[in-house]
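Numbering (the working numbering), first residue to last: -17 to 271. To start, the structure under review is shown below, and the notes come after it.
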Ligand code: GUN
């Protein structure tokens, strides 16, 4: 029998979208999010479609800019310059992964900090590093923090083991948890005796991209488990980076896959876009914006 309470990201994100819709309705003009896509990637297309659908639901305009995978770095940087300078656009994201001939870091750093709604640029990641969780911070970790808030458990002093050191999830999340006074351990593919570490954790975040790696005997009773993974099994079903059925018999809180972290990521991207629009510099070209 399942003991764990479910952190229902789908429901929490839907409630957040309702609140954000009211916020957008009260704005003079709708926020505009530019999504840059380079080349063909089926998963990216699905993610971008989800972002567009959620944005439309709350009145955010999502403009997708598609480029061929043969585009050179300079040409892409020039297109980003145009988006940076366009006062009608409030938020910019470059969907990852990018084709290997492009230097992703150079490209992400080129987005104006005030429009960097993924929070991957140097300014916004630096702010996080200096101890501030607010502003334009990465969407998936922000969504995870919201889910942790839902447990009403104090985070201060808890031991959190984050499995995965990606720029999108592991690193910014570890920093956010540290900023919330957790004791944080970042584990990765070279970590030794991982199971011994996760067994001690009050919070385990699985963001390793390995289907069902974290099993029931990897966690202690009453832990909180956040599963960031989304993998397709041979039978076509989706699974996370944890074995949900085993863990849910032991832990106090757990996220389902799908319907846990995924919808929260999209909601936090929209929240960041609204934030960017509310804090945008006013245009001085007399166009009314
Ligand atoms: N690819 C996978 N996750 C993300 C994300 O959060 N933002 C962007 N831009 N690309 C991604």
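Using N, Cα and C, we set each Cβ at its ideal position, and we do this for glycine too. Note that the structure is predicted; figures quoted are calculated from it, not measured.
Apart from sequence neighbours up to five positions away, the residues of its chain that approach residue 65 with a beta-carbon distance below 7 Å are 16, 71, 74, ordered along the chain. In this structure, the ligand GUN has a non-hydrogen atom nearer than 6 Å to the beta-carbon of residue 150.
Scanning the region 44 to 81 for uninterrupted alpha helix (DSSP H) segments of 4 residues or longer gives 55 to 67, listed from N- to C-terminal end. Distances taken from the Cβ of residue 78 to the heavy atoms of the ligand GUN include one shorter than 6 Å. Residue pairing of residue 19 in beta bridges, as defined by DSSP: 48.
C-alpha of residue 86 to C-alpha of residue 183: approximately 33 Å in a straight line. For the options 259, 168, 21, 194, the alpha carbon positioned closest to that of residue 228 is the one of 194. With contact defined as three or more Cβ pairs closer than 8 Å, the region 195 to 212 and the region 169 to 186 are in contact.
Straight-line measurement puts the Cα of residue 83 at about 29 Å from the Cα of residue 188. With 16 or more other CB atoms across the displayed protein chains lying within 10 angstroms of its CB, residue 153 is buried. Secondary structure remark: continuous alpha helix (DSSP H) runs of at least 4 residues inside the region 88 to 162, in chain order: 104 to 111, 121 to 132, 152 to 161. Residues of the same chain with a CB within less than 6 Å of the CB of residue 160, apart from the 5 flanking positions on each side, are 166 in chain order. Residue 213 is bridged by DSSP to 221. Short note on residue 100: C-beta closer than 6 Å to some heavy atom of the ligand GUN. For residue 243, the enclosing alpha helix (DSSP H) begins and ends at 243 to 260. Check the Cα spacing between residue 209 and each of 140, 257, 89, 129: the tightest is with 129. According to the DSSP assignment, residue 165 belongs to the beta strand (DSSP E) that extends over 165 to 169. Between residue 205 and residue 19, the alpha-carbon positions lie close to 38 Å from each other.
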